[in-house]
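Quick note, the sequence shown lines up with residues 500 to 808 if you use the numbering used here.
Encoded as structure tokens, the structure appears first; notes follow it.
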Amino acid sequence: MVNKLKFGLLGALGYIAPRHIQAINNINADLRCVSDLDFNSAQKKEFLSKNIETLDSLEEMIKFHQKDNLDYISICTPNHLHTDQIITCLENDINVICEKPLALSVSDLGRIRKSESVSAAKVFTIMQLRFHESIIQLKQNITSQKSEEKHEVILIYATTRGSEFFSSWRGSENKSGGILFEFGIHYLDILIDIFGQVSNFNVNKLSLNQANVLIEHENAKVLIMINVLSKEKLKEMGQEEVLYRSFTINGDEFEFTGGFQDLHTKSYESILEGKGFTVEDASKSIKQISKIMDEFEKGSTYKPILNNL
Numbered sequence: 500m501v502n503k504l505k506f507g508l509l510g511a512l513g514y515i516a517p518r519h520i521q522a523i524n525n526i527n528a529d530l531r532c533v534s535d536l537d538f539n540s541a542q543k544k545e546f547l548s549k550n551i552e553t554l555d556s557l558e559e560m561i562k563f564h565q566k567d568n569l570d571y572i573s574i575c576t577p578n579h580l581h582t583d584q585i586i587t588c589l590e591n592d593i594n595v596i597c598e599k600p601l602a603l604s605v606s607d608l609g610r611i612r613k614s615e616s617v618s619a620a621k622v623f624t625i626m627q628l629r630f631h632e633s634i635i636q637l638k639q640n641i642t643s644q645k646s647e648e649k650h651e652v653i654l655i656y657a658t659t660r661g662s663e664f665f666s667s668w669r670g671s672e673n674k675s676g677g678i679l680f681e682f683g684i685h686y687l688d689i690l691i692d693i694f695g696q697v698s699n700f701n702v703n704k705l706s707l708n709q710a711n712v713l714i715e716h717e718n719a720k721v722l723i724m725i726n727v728l729s730k731e732k733l734k735e736m737g738q739e740e741v742l743y744r745s746f747t748i749n750g751d752e753f754e755f756t757g758g759f760q761d762l763h764t765k766s767y768e769s770i771l772e773g774k775g776f777t778v779e780d781a782s783k784s785i786k787q788i789s790k791i792m793d794e795f796e797k798g799s800t801y802k803p804i805l806n807n808l
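Encoded structure:
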């Protein structure tokens with residue numbers, strides 16, 4: 500009988516944690532323990548009924564590991580905690596699967612690299628959009644085309660969040676990293692993967708709930724428009740909640756709002772196959788977002804972007 504891989508999970512009550520738990524179950528691994536600061540008695544009882552230990556901190560999970568020998572710890576905590584938690588796992592030679600972003604700065608990314616270089620463990624991140632069938636097909640189409648002209652691309656992402664989102668850590672730029680780290684990083688990742696490195700950018704709008712950025716890649720000019728709409732305001736106006744993702748490339752639009760059900764499972768499967776996304780893979784989008792935010796804070800990137808596309 501093959502021994503199952505043993506997992507721990509940090510941030511078990513978070514928004515994204517259920518997808519990680521489902522992925523761990525789908526790969527036939529053993530979720531041994533979970534940690535969260537906000538467990539109530541009913542939640543603890545539910546996990547314990549599945550033979551999953553409930554813990555209050557990463558430190559407790561490290562002690563659990565010393566007795567139970569975890570293979571991986573999955574990190575689903577607030578963004579600003581990721582770097583230090585990754586490093587703690589590496590220092591204890593535990594492999595890490597961390598939600599985006601691995602870090603909120605280039606310097607923290609360097610700390611992770613340094614720690615990984617002297618650890619027996621490895622760090623992997625979740626870039627689930629790379630497994631989306633529509634994105635895979637898009638990359639194949641773009642790669643197969645030979646054009647001397649740069650593609651003209653518009654990427655739109657609109658979603659809805661309630662007041663609890665904005666009052667939580669996600670509503671703090673210091674903790675979430677802002678809209679580009681919280682929402683935009685997945686799109687920057689696939690854009691760089693498909694259209695090449697960024698050569699220039701202009702920022703028209705960058706706030707907690709909206710980003711309009713024109714980015715020039717090796718093979719494309721891309722207008723990114725991200726909007727996080729208030730659930731309460733939409734309700735006041737009698738409108739339904741919004742979730743919409745689309746690409747328009749050279750005038751042809753395709754939507755990719757659906758198709759996200761199994762992407763975390765595919766991410767975990769890829770990691771176990773030795774094809775997981777590494778610190779190096781994650782670094783490209785983190786560096787680019789950091790550069791965009793730094794330049795925007797200096798006030799040096801504003802231009803009317805619609806005139807440039």
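Idealized CB from N, CA, C, for every residue including glycine.
Assigned secondary structure, residue i (DSSP; H/G/I helix, E/B strand, else coil)
i: GLU469; result: Absent from the structure is residue 469, since the part of the chain shown begins at 500 and ends at 808.
i: ASN711; result: strand
i: GLY507; result: strand
i: LEU628; result: helix
i: PHE538; result: coil
i: ILE804; result: Note that ILE804 has pLDDT 41, beneath the 50 cutoff, so the model's placement of it is unreliable and the number below is only indicative. Three-state DSSP puts ILE804 in a helix.
i: ALA602; result: coil
i: ASP761; result: coil
i: LEU728; result: strand
i: SER745; result: strand
i: ILE586; result: helix
Heavy atom of the ligand COA within 6 Å of residue i beta-carbon
i: ILE788; result: For the structure depicted, the ligand COA is absent and the ligand set is empty, with no information on it obtainable.
Top-ranked residue by Cα proximity to residue i, from the options
i: SER698; options: ASP567, LYS783, PRO600 and LEU536; result: LYS783
i: VAL595; options: VAL778, LYS797, GLN787 and GLU796; result: VAL778
i: THR624; options: GLY798, ALA657 and PRO600; result: PRO600
i: SER633; options: ASN502, ILE788 and PHE759; result: PHE759
i: GLU768; options: PHE630, ILE714 and GLN709; result: PHE630
i: ASP583; options: PHE563, ASP570 and SER606; result: SER606
i: GLY757; options: ILE785, LEU742, PHE506 and VAL727; result: LEU742
i: LEU580; options: ASN701, ASN718, LYS674 and ASN591; result: LYS674
i: GLN644; options: LYS786, PHE665, ILE748 and TYR686; result: ILE748
i: ALA719; options: LEU603, ILE689, SER667 and ASP793; result: ILE689
CB contact below 7 Å: residue i versus chain D
i: ALA522; result: The structure shown contains no chain D; it holds only a single protein chain.
Opposing strand residues paired with residue i [DSSP bridges]
i: TYR767; result: None, per the DSSP bridge assignment.
i: ASN594; result: TYR571
i: HIS716; result: VAL697
The alpha helix (DSSP H) enclosing residue i, as first and last residue numbers
i: THR576; result: Premise fails: THR576 is in no alpha helix (DSSP H) and is neither H nor E.
i: MET792; result: 778 to 797
i: SER675; result: 672 to 675
i: GLN521; result: 516 to 525
Check whether residue i and residue j have beta carbons under 7 Å apart
i: LEU509; j: SER548; result: no
i: GLN627; j: SER540; result: no
i: HIS519; j: SER556; result: no
i: GLU731; j: SER646; result: no
i: VAL617; j: ILE585; result: no
i: LEU504; j: ALA528; result: yes
Delimiting residues of the beta strand (DSSP E) encompassing residue i
i: ARG660; result: 650 to 660
i: ILE551; result: Note, ILE551: premise wrong, no beta strand (DSSP E); not H, not E.
i: PHE700; result: 697 to 705
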